[in-house]
Structure formats: structure tokens, C-alpha cells
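Novice: Here it is, the structure, as C-alpha cells.
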């Protein structure tokens, strides 16, 4: 595995086979992005970058790869519409924790929200699920989000063609969790019939981890 240099964007690649390995190993060849001379090309360009860094010289950016996003083919059916039952808004809790609940480490906390299709916005710079802890009796501070193994985000529809959907968030309280007051929050984006996207959020009742 190699990584980029200091002051450069960190880049990591797990494996790049040599020319002989590429020619004789089927699995190695399949792991190579740019053909049998990929490793040699990497070495050539890294030497240029290394010399430029040492000598403080700027590097020409070179050609940009073509933007083929509009040529991608998707076999997923588009999201037509998201909706909720009458009287319920997106992000409203459908199944909450019991009031004044107390949980211990190792317990599973489960909350279900009225939600919308996650494909409306993948929230790559955000999160669909968040566990927050109350600090100084007034401020909710993020503690765990959906890239933590202890937190699961499960999206489902009550039926295949239904425009309604649920987001179930499960938090297996880790042994490292600090005692305190917590809540579970959900973030998402809903699509209207005419195509507009609106973001929403919702939170569970507070509960105690002791």
C-alpha cells in the first residue's frame, strides 16, 4: 500500500501488480486499472512528483479525465414521489423509545421515522443517522453517525409500490459509550411529485445511558 506525500491530497491504493504478475496471474490483471504497465506508469509519475516536492517546483496538472456522468446507465427505477400518512411529516417518529427510558451498554436502541428514499440525496457530506448526547443540559452534540459500526440505518417501504417509507435506526450501545442523556436523529430528503427535493430531520425522545 502506498500513500501520498505531505501537503498533498492523501491517495491510497491497495495493490498494483508488476508487468510479469499482470501477464501470468488472472486475479492480478483484474485488479489493475490501466493495463500491464500500470505500476511502471505510477513509478514514473511519482518520481516526477517527488522531485517537484523536494525542489519546490510546481507541477502541470495535465489532462482532466472526461466527465462521463451523463452517459452512465442506471437500471434503478427513478424515485417518482415520497409521501407520508395524513398528519405525519417527514422525519416524524413512528416508533419511539419509551419516555424516561434508561439503557445500559450492550443494549439495542431502536427508533423508526417516517422517511423518504435515500437516493434523493446520498448525503455524502452528511449522515442519515446520528446519535447525539446532551452536554451542559442545553446543547446536543454528535456522538455517533452512520459510519460507526454500532449504528445501523435501515430503509424500507411498507409495500413495493408505496410512496411511503420508514427509516429504522438501530444503535447497539458500545462499551465505550459515556454515561449521559442521548437521542437519535434522522436526516433525509423527500421528492415531491413535480421533482423538487426538500430536506428534513427528526429526533427521538431523549433517553439515558447509564
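In the numbering used here, the protein residues as written are 2 to 211. The beta-carbon is built from N, C-alpha and C at its ideal position, and this holds for glycine as well.
Since residue 116 contacts residue 200 with CB under 8 angstroms, what's their CB separation in whole angstroms?
Specialist: Not quite, the Cβ-Cβ distance comes to about 12 angstroms (not below 8 angstroms), so this is no contact.
Novice: Taking DSSP as the reference, what is the three-state secondary structure of residue 45?
Specialist: Residue state, collapsed to three classes: helix.
Novice: By Cβ distance, which residues of its chain are closer than 8 angstroms to residue 195, with the 5 residues on each side in sequence left out?
Specialist: Result list for residue 195: empty, nothing under 8 angstroms.
Novice: Express the C-alpha separation of residue 133 and residue 153 in angstroms, rounding to a whole number.
Specialist: Cα to Cα, residue 153 sits roughly 15 angstroms from residue 133.
Novice: Hey, residue 130 and residue 170 are a contact pair by Cβ (cut 8 angstroms); roughly how many whole angstroms apart?
Specialist: So it is a contact: roughly 5 angstroms between Cβ atoms.
Novice: Since residue 94 contacts residue 166 with CB under 8 angstroms, what's their CB separation in whole angstroms?
Specialist: 14 angstroms between Cβ atoms; not a contact.
Novice: At the level of alpha carbons, what is the spacing between residue 89 and residue 151?
Specialist: Taking the straight line joining both Cα atoms gives about 29 angstroms.
Novice: Can you give me the C-alpha to C-alpha distance between residue 198 and residue 168, rounded to a whole angstrom?
Specialist: Taking the straight line from one Cα to the other gives about 18 angstroms.
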